[in-house]
Amino acid sequence: MLTVNAIRTRSTLKKHLITLFVFGFLCPVTLILYTACVEAKVIKYAKEKVGNNGNNRLNGSNDTIVYGLKGNDKLYSCRNCEDTGLMGGEGNDYYRTYSRNSFSEIMDNGGGNDRIASSLTFYRKSHRAQFATIDNRHLVAFNQYGTGFVVIDWKRSRNRIETFDFNDGEKSYSELKRDLKTLDWLGNISFSRLEREGFEYTKRDIRQTINYYSRREKSLSRKRFAL
Numbered sequence: 036m037l038t039v040n041a042i043r044t045r046s047t048l049k050k051h052l053i054t055l056f057v058f059g060f061l062c063p064v065t066l067i068l069y070t071a072c073v074e075a076k077v078i079k080y081a082k083e084k085v086g087n088n089g090n091n092r093l094n095g096s097n098d099t100i101v102y103g104l105k106g107n108d109k110l111y112s113c114r115n116c117e118d119t120g121l122m123g124g125e126g127n128d129y130y131r132t133y134s135r136n137s138f139s140e141i142m143d144n145g146g147g148n149d150r151i152a153s154s155l156t157f158y159r160k161s162h163r164a165q166f167a168t169i170d171n172r173h174l175v176a177f178n179q180y181g182t183g184f185v186v187i188d189w190k191r192s193r194n195r196i197e198t199f200d201f202n203d204g205e206k207s208y209s210e211l212k213r214d215l216k217t218l219d220w221l222g223n224i225s226f227s228r229l230e231r232e233g234f235e236y237t238k239r240d241i242r243q244t245i246n247y248y249s250r251r252e253k254s255l256s257r258k259r260f261a262l
């Protein structure tokens with residue numbers, strides 16, 4: 036979904052945000068294998084892992100999207116995995132991201148009281164997070180080692196994460212939004228800028244892909260029953 040190998044220092048961030056944003060929410064499906072569709076592109080994760088409508092604990096793997104569906108789910112990325120998609124549905128979901136060159140794409144699709152736990156720090160210099168937004172919609176957080184996460188549509192109430200657990204403290208959504216620009220804030224990256232830099236996907240591609248994942252999660256939720 037995205038490549039973060041080149042992201043190692045603050046000075047390289049803006050240069051490589053384009054690469055960073057190549058996560059699987061870019062048209063109707065997921066990663067690395069892509070084909071053209073009518074006026075849009077499709078990118079697929081290689082694998083899907085699907086829970087049920089109970090309370091699941093699911094572990095992700097590289098190039099995989101994990102669907103928690105309904106219920107209070109615990110969704111985990113994996114160490115040394117650069118492309119793990121975590122998608123929760125209705126319920127109070129917990130997303131765990133790891134250090135060691137681990138990068139996760141997170142989309143909560145059902146409201147609730149949701150939480151991200153991350154090895155990133157907000158204040159302490161070691162593993163301190165750098166932040167940016169894409170198109171004023173998607174929050175990107177990562178450190179100099181390429182560890183981090185993207186939260187899709189992080190400001191929308193339906194997709195909002197209510198609590199962010201950093202390694203040096205907890206911040207609510209409103210606190211993070213308030214404090215976001217006080218430390219390593221790298222600004223907003225617009226799609227027009229991405230296009231000037233040679234980014235091959237359009238704003239429409241991104242929108243269609245997010246819509247696809249939302250519909251996919253809802254469809255799976257209707258088919259899966261609690262065990």
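Read left to right, the sequence shown gives residues 36 to 262 (the working numbering).
Here a beta-carbon is modelled for each residue, glycine too, at the ideal position from N, C-alpha and C.
Sub-7 angstroms separation of residue i and residue j beta-carbons
i, j, result
"residue 132", "residue 112", "yes"
"residue 200", "residue 152", "yes"
"residue 252", "residue 102", "yes"
"residue 106", "residue 95", "no"
"residue 226", "residue 238", "yes"
Whole-number beta carbon distance between residue j and residue i, since they are thought to touch under 8 angstroms
i, j, result
"residue 245", "residue 187", "6 angstroms"
"residue 197", "residue 149", "6 angstroms"
"residue 124", "residue 104", "5 angstroms"
Burial state of residue i (16 or more Cβ within 10 Å)
i, result
"residue 144", "buried"
"residue 218", "exposed"
"residue 209", "exposed"
"residue 222", "exposed"
"residue 256", "buried"
"residue 47", "Its pLDDT being 44, under 50, residue 47 is placed unreliably by the model, and nothing is read from it."
"residue 254", "exposed"
"residue 84", "buried"
"residue 249", "buried"
"residue 71", "Low local confidence applies: a pLDDT of 32 at residue 71 is under 50, so the model's placement there is unreliable, with the coordinate-based value given in what follows. Label assigned to residue 71: exposed."
Reference residue i; option with closest CA among the options
i, options, result
"residue 146", "97, 193 and 115", "193"
"residue 114", "126, 256 and 154", "154"
"residue 258", "82, 80, 86 and 81", "86"
"residue 161", "169, 172, 203 and 191", "203"
"residue 177", "189, 171, 156 and 130", "156"
"residue 173", "185, 216, 163 and 165", "185"
"residue 163", "126, 220 and 232", "220"
"residue 80", "92, 214 and 120", "120"
"residue 116", "97, 130 and 242", "97"
"residue 91", "171, 126 and 166", "126"
"residue 213", "190, 248 and 141", "190"
"residue 229", "205, 130, 170 and 206", "170"
"residue 195", "141, 234 and 235", "141"
"residue 166", "243, 211 and 235", "211"
Answer yes if the stretch 133 to 153 comes into contact with the stretch 165 to 183, meaning at least three C-beta pairs across the two stretches below 8 angstroms, and no otherwise.
-> yes
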